[in-house]
Each structure stands twice: as C-alpha cells, then as structure tokens.
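Asker:
In our numbering, the protein residues as written are 297 to 458.
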C-alpha cells in the first residue's frame with residue numbers, strides 16, 4: 297500500500313527527466329490528436345510546447361478539460377432505451393455522453409462527482425458494470441453492458457484507492 301500522495305508522485309515524476317520526457321511527448325501527441333479540450337489555452341500551450349519548457353507545457357495541459365481522462369468505447373446503458381453512451385472518467389468526475397448505436401455523440405451529457413459514487417461492481421461474467429450515484433435522498437444505479445466492464449471497474453477502484 298502506497299503512502300505517497302498524488303502531489304508527491306507528481307513531484308517525483310516532474311523531477312525525473314526521463315519520466316517527464318515521456319509524459320511531455322504523450323501530452324503533445326494527445327494534444328495533436330484532440331484528446332483534450334484546450335479552449336482558451338491554445339496560445340499558452342503553443343508558447344510552452346518546446347523541449348526546454350516540458351514541465352510548464354504539461355502543467356498547462358493538466359488544466360484542460362479531458363486531460364488524462366479515460367474514454368471507453370460506446371456501449372448500451374440501461375438508462376437509455378435505444379441509445380448507447382460513452383463513459384469518460386477523469387480525476388474530477390465521471391461523464392456519460394449520450395450517443396447513437398453507431399457511437400455518434402449526441403447532446404445529452406451527465407456528469408457525476410466522484411463523491412456521489414457510493415458503490416460500483418462488475419458481474420461475474422464480466423459483461424456488465426454498474427455504479428450507484430447518491431445525491432441527497434436520490435439514489436440511482438447505472439448499468440453499462442460492455443466487454444470493457446472489468447476495466448471500468450478497475451479504473452473506478454483506482455480512483456477510490458487514491
């Protein structure tokens with residue numbers, strides 16, 4: 297069991313030139329691929345995107361919506377009759393993006409703070425992942441059917457363990 301805080305881990309990574317180099321190049325690739333939303337920070341990112349300012353570039357990117365998030369392929373969800381959803385996990389919240397059966401994103405988006413997640417589980421067969429959202433007296437269980445259900449559960453557990 298690790299006693300290191302997230303801030304301590306971050307400082308160690310930023311101080312290790314090889315780790316920082318890997319993180320920087322992954323962040324540059326993710327930025328180029330549009331994997332996070334840098335709206336309002338494009339100019340600052342462009343100014344910091346140089347090998348001599350790797351740490352500053354990564355820190356600016358960390359403040360962008362979607363940076364470091366995990367996006368799962370679309371899958372059926374019990375809360376959408378005929379549609380699918382895309383599950384997106386970040387360190388701040390969970391996002392469920394409505395989409396068509398073909399994965400085309402739709403307007404409906406639901407966000408849940410991790411503090412509102414009271415439980416999560418995966419079926420023994422591994423085909424369904426569920427989590428429960430509790431806000432005050434409202435309790436809602438959301439079930440996703442996905443071949444990635446075990447990985448979804450693993451990611452949730454990582455968040456709860458930190």
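Here a beta-carbon is modelled for each residue, glycine too, at the ideal position from N, C-alpha and C.
Find out if the Cβ-Cβ distance for the pair residue 358, residue 320 is shorter than 7 Å.
Answerer: Walking along the chain shown from the start, residue 358 turns up at place 62. Walking along the chain shown from the start, residue 320 turns up at place 24. Contact: no.
Asker: So residue 381 and residue 370 are in contact, right, with Cβ under 8 Å, and what is the actual spacing, rounded?
Answerer: Along the chain shown, one-based indexing puts residue 381 at 85. Along the chain shown, one-based indexing puts residue 370 at 74. That belief holds up - the Cβ atoms of residue 381 and residue 370 are roughly 7 Å apart, short of 8 Å.
Asker: Which class does residue 345 belong to by DSSP, given the choice of helix, strand or coil?
Answerer: Numbered from 1 along the chain shown, position 49 holds the residue referred to as residue 345. Here residue 345 sits in coil by DSSP.
Asker: Which residues bound the beta strand (DSSP E) around residue 373?
Answerer: As a working mapping, residue 373 is identified with position 77 in the chain shown. Here residue 373 belongs to no beta strand (DSSP E), and DSSP marks it neither H nor E.
Asker: Where do the N-terminal and C-terminal ends of the beta strand (DSSP E) with residue 389 fall, by residue?
Answerer: By 1-based counting over the chain shown, the position of residue 389 is 93. Its beta strand (DSSP E) spans residues 389-395.
Asker: Taking only three categories from DSSP, how would you classify residue 408?
Answerer: For the purposes of this step, residue 408 is identified with residue 112 of the chain shown, where counting begins at 1. Strand.
Asker: Candidates 455, 386, 449 and 384: which alpha carbon is nearest residue 419's?
Answerer: For the purposes of this step, residue 419 is taken as the residue at position 123 of the chain shown. Among 455, 386, 449 and 384, the Cα nearest to that of residue 419 belongs to 449.
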